[in-house]
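Taking it in order: structure first as structure tokens, then the write-up.
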Amino acid sequence: MMKKLLLSLFFLGFFTVQSQNLVWKTNITDGIEASNKLKKPMLILFTANNLSDNLQNEIIRTLEFALWSRDNVVLVKLDLSDSQASDSDKEQNIKLKNAFGVQDLPEICYANAIVRKSKTTFQALGKMTYKSGGVKAWIVESNAILHPSDF
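Those letters in the sequence shown? Residues -19 to -1, 1 to 132, by mature numbering (1 follows the signal peptide of the UniProt record, and there is no 0).
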């Protein structure tokens, strides 16, 4: 009995740590490459410093999100306030923000992208801002965007 309890706690702890160590691409080019290689759409998080942590705390830092994102999307985080980003990356991120019609930060956009002859074409699938209701409701809404024929 004690072994089962300890084993359960070990796995729970492992998954909790893993959920906080999500692999985020921080460059759209890397995100597109991974998305096309894995044949998964991108979840592009447009964010900046000093924003509400509700989306992070209630959705992104949960085990449910980690498991769902691993199976469904390539994570791309574009921080519009990142002082470490190059000027060209900053300019590119702002152009993407405008192209996707992002108004409120943080905001998530789902998209696919195709690169042909050095030209990138995005297919926007949908976007979401933070809404209260928890991770389960958020995943249902995300699945409706990613798989509309299932709903």
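For each residue, glycine too, the CB sits at the ideal point set by N, CA and C. Since the structure is predicted, the reported quantities are computational estimates derived from the model, not experimental observations.
Item	Value
Inter-residue CB distance, S33 and M23 (contact presumed, cutoff 8 Å)	Not a contact, Cβ separation roughly 23 Å.
Contact between the region 93 to 110 and the region 121 to 130 (3+ Cβ pairs under 8 Å)	yes
Residues of its chain near T(-4), where Cβ-Cβ distance is below 7 Å and the 5 sequence neighbours each way are ignored	Bear in mind that a pLDDT of 46 at T(-4), under 50, signals an unreliable position, so the model cannot answer this.
Extent of the continuous alpha helix (DSSP H) to which D85 belongs	Taken as a continuous stretch (DSSP letters only), D85 belongs to no alpha helix (DSSP H), as it is neither H nor E.
Own chain partners of V4 with C-beta closer than 7 Å, once the 5 adjacent residues on each side are dropped	L56
Whole runs of the alpha helix (DSSP H) within the region 53 to 129, excluding any shorter than 4 residues	68 to 80 and 115 to 127
Same chain only: Cβ atoms within 8 Å of A118, ignoring 5 sequence neighbours per side	K112
Rounded Cβ spacing between T7 and K58 (contact assumed at less than 8 Å)	6 Å
C-beta atoms of I40 and A92 nearer than 8 Å	no
Among A66, K98 and N38, nearest to P87 - alpha-carbon criterion	N38
Three-state secondary structure assigned by DSSP to L44	helix
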